[in-house]
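In the working numbering, the protein residues as written are 686 to 1163. Idealized CB from N, CA, C, for every residue including glycine. It should be emphasised that the depicted structure is a prediction, and the values quoted were computed from it without experimental measurement.
Spelled out as structure tokens, the structure:
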């Protein structure tokens, strides 16, 4: 290969690499081990990553997120006391529990801490009976609330999550429920605790202490993430490992869910690490002000929109994008809702719908007419939206390092070819020299020496001549 051809090949590879890097969307650092997974933004309802996110699957103790939601929404006072019943402690003997005793007096806060931190199944049953009257009625309340949130792929048979026929959740539904939970600060306060001690009760003279099972909350864990604020894990033989973790950075709250990972207890934590690396490193939250929303509306052909009537609109974009990269669709759906779009590197993708319709010279209306005029809905009530595909990402540092790697590879390839060529020449010269030496040796073997050329009949004429000069033949007897 000539130097010219090598340089041309290097330039072609470098050009292709830079083009690929410029068009490459954010990628996962590691495979996702869960059979179902999702990365979801609580503020906007956008899905940044999904893997069979709408497939119903056994959720194990991640169920307790819905248990906590129903309890928190129905009980403003967690200091209320309730009595543990026989039916509440009637659970599988080897399942997680805090050894509650029938007749024991406990508070709802203690039971909620035991449910979310220790994942105690008996505590979840106590909450179900305290709020719903019976465990069956509480399960009905869970299903009703799930339907209200749009969780059509989930169905609950109990409050604790132990395997039961028909007890399923989808990864996206888990994220929706977690987003609704974030509306209540008490959830993060309890779920984010590293340790909790339950004081002695009328039936238990000793205090009970529980430590968080959320590895990403613990600074001594290899999976620690300083942005993580809460989470819930689960495991049953049927469900395998399930995990929901919540992280918040610069106002953007991401919910990562992994369900159905098996063979390794660390797989769900690796999934959380991978999903948060994707979301926290590659995306950020921007908020459209009323003026910006009105300006975008004008660009889309909607004039007369009052900026003061426009509520702030959060939207997740790639880290290198901003409001200048956003636009609104020129057409609206039947409810008058327009789509927020992102244009980057020559490509345009749909991010999310506006949370309200843009009505010129009139009051802004919500997405659903039945709700009437109002401000933007909460994250829990807004219909979750999904990116049609990941926004194109241009990370010039990646481009630089990628190009540097290609150049280094080409230089190494050139050096390899050069060294191989030198070695080939050196080896050829050695072989040629060896052949010459062999040929010279063969000629020397076939050519008679000077003495051989003068030797005749076994006699040496030179010796005989010398003997004659001395006066007698060389072989004469004395």
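Coarse secondary structure for residue i, derived from DSSP in three states
i            : result
residue 927  : strand
residue 951  : coil
residue 918  : strand
residue 1022 : coil
residue 905  : coil
residue 975  : helix
residue 879  : coil
residue 1091 : helix
residue 1109 : helix
residue 966  : helix
residue 989  : coil
residue 1034 : strand
residue 1028 : strand
residue 888  : coil
residue 934  : strand
residue 1102 : helix
residue 1123 : helix
residue 857  : helix
residue 1077 : Its pLDDT being 39, under 50, residue 1077 is placed unreliably in this model, and the coordinates cannot settle the point.
residue 865  : helix
residue 1039 : coil
residue 1004 : coil
residue 894  : strand
residue 1017 : coil
residue 941  : strand
residue 1009 : helix
When the options are compared against residue i, the one with the closest alpha-carbon
i            : options                   : result
residue 759  : 814, 722, 804 and 719     : 814
residue 950  : 722, 718 and 962          : 718
residue 1218 : 931, 1093 and 1036        : The shown model of the chain, from 686 to 1163, leaves out residue 1218, and the question about it has no answer.
residue 713  : 787, 958 and 767          : 958
residue 798  : 816, 994 and 812          : 812
residue 841  : 1093, 772 and 746         : 746
residue 881  : 800, 838, 926 and 977     : 800
residue 934  : 904, 1032 and 969         : 969
residue 1040 : 1022, 1031, 1033 and 1032 : 1022
residue 904  : 877, 715, 1118 and 778    : 877
residue 945  : 775, 920, 980 and 995     : 920
residue 961  : 992, 927, 918 and 908     : 908
residue 1003 : 884, 1034 and 994         : 1034
residue 769  : 732, 820 and 802          : 820
residue 997  : 1016, 817, 979 and 806    : 979
residue 875  : 817, 927, 916 and 824     : 916
residue 711  : 734, 1089 and 725         : 734
residue 849  : 1096, 777 and 885         : 777
residue 992  : 1089, 818, 1043 and 1020  : 1043
residue 906  : 883, 879 and 891          : 879
residue 913  : 1105, 891, 936 and 926    : 936
residue 845  : 823, 810 and 826          : 810
residue 756  : 725, 851, 827 and 1095    : 827
residue 1018 : 1038, 1030, 1026 and 1031 : 1038
residue 873  : 884, 775 and 940          : 940
residue 890  : 1110, 1112, 790 and 743   : 790
residue 824  : 843, 807 and 838          : 843
residue 716  : 884, 835, 774 and 952     : 952
residue 788  : 767, 883, 796 and 822     : 767
residue 779  : 1104, 806 and 1102        : 806
Integer Cβ distance of residue i from residue j, believed to fall under 8 Å
i            : j            : result
residue 898  : residue 804  : 7 Å
residue 938  : residue 728  : 6 Å
residue 901  : residue 887  : Actually they are not in contact, since the Cβ atoms of residue 901 and residue 887 sit about 36 Å apart, beyond 8 Å.
residue 954  : residue 802  : About 17 Å separates the two Cβ atoms, so there is no contact after all.
residue 1000 : residue 1036 : 6 Å
residue 928  : residue 956  : 7 Å
residue 1013 : residue 1024 : 7 Å
Exercise. So, do the region 853 to 872 and the region 745 to 759 have three or more beta carbon pairs nearer to each other than 8 Å?
Worked result: Counting Cβ pairs under 8 Å, three or more are found: they touch.
Exercise. Where are the beta strand (DSSP E) runs, 3 residues long or more, that stay fully inside the region 714 to 769, in chain order?
Worked result: Contiguous beta strand (DSSP E) elements confined to the region 714 to 769 occur at 721 to 726, 731 to 736 and 766 to 768, taking only those with 3 or more residues.
For this session: May I have a chain-ordered list of the alpha helix (DSSP H) segments no shorter than 4 residues that lie completely inside the region 771 to 853?
Result: The region 771 to 853 contains these whole alpha helix (DSSP H) runs: 793 to 798, 806 to 817 and 820 to 833.
Exercise. Counting Cβ pairs, one atom from each stretch, are 3 or more of them under 8 Å apart for the region 717 to 737 and the region 820 to 831?
Worked result: Segments in contact, no.
Problem set entry | Inter-stretch contact at 8 Å, needing at least 3 Cβ pairs: the region 778 to 786 / the region 984 to 997 | The region 778 to 786 makes no contact with the region 984 to 997: fewer than 3 CB pairs, one atom from each, lie closer than 8 Å.
Exercise. Between the region 730 to 745 and the region 840 to 860, do three or more beta carbon pairs fall short of 8 Å?
Worked result: They touch, by the three-pair rule.
Exercise. Touching or not, the region 956 to 968 and the region 762 to 770, by the rule of three or more beta carbon pairs under 8 Å?
Worked result: Contact between the region 956 to 968 and the region 762 to 770 is absent, because fewer than three Cβ pairs lie under 8 Å.
Problem set entry | Inter-stretch contact (C-beta, 8 Å, three-pair minimum) for the region 969 to 981 and the region 1004 to 1015 | Because the criterion of three Cβ pairs below 8 Å is met, the region 969 to 981 and the region 1004 to 1015 touch.
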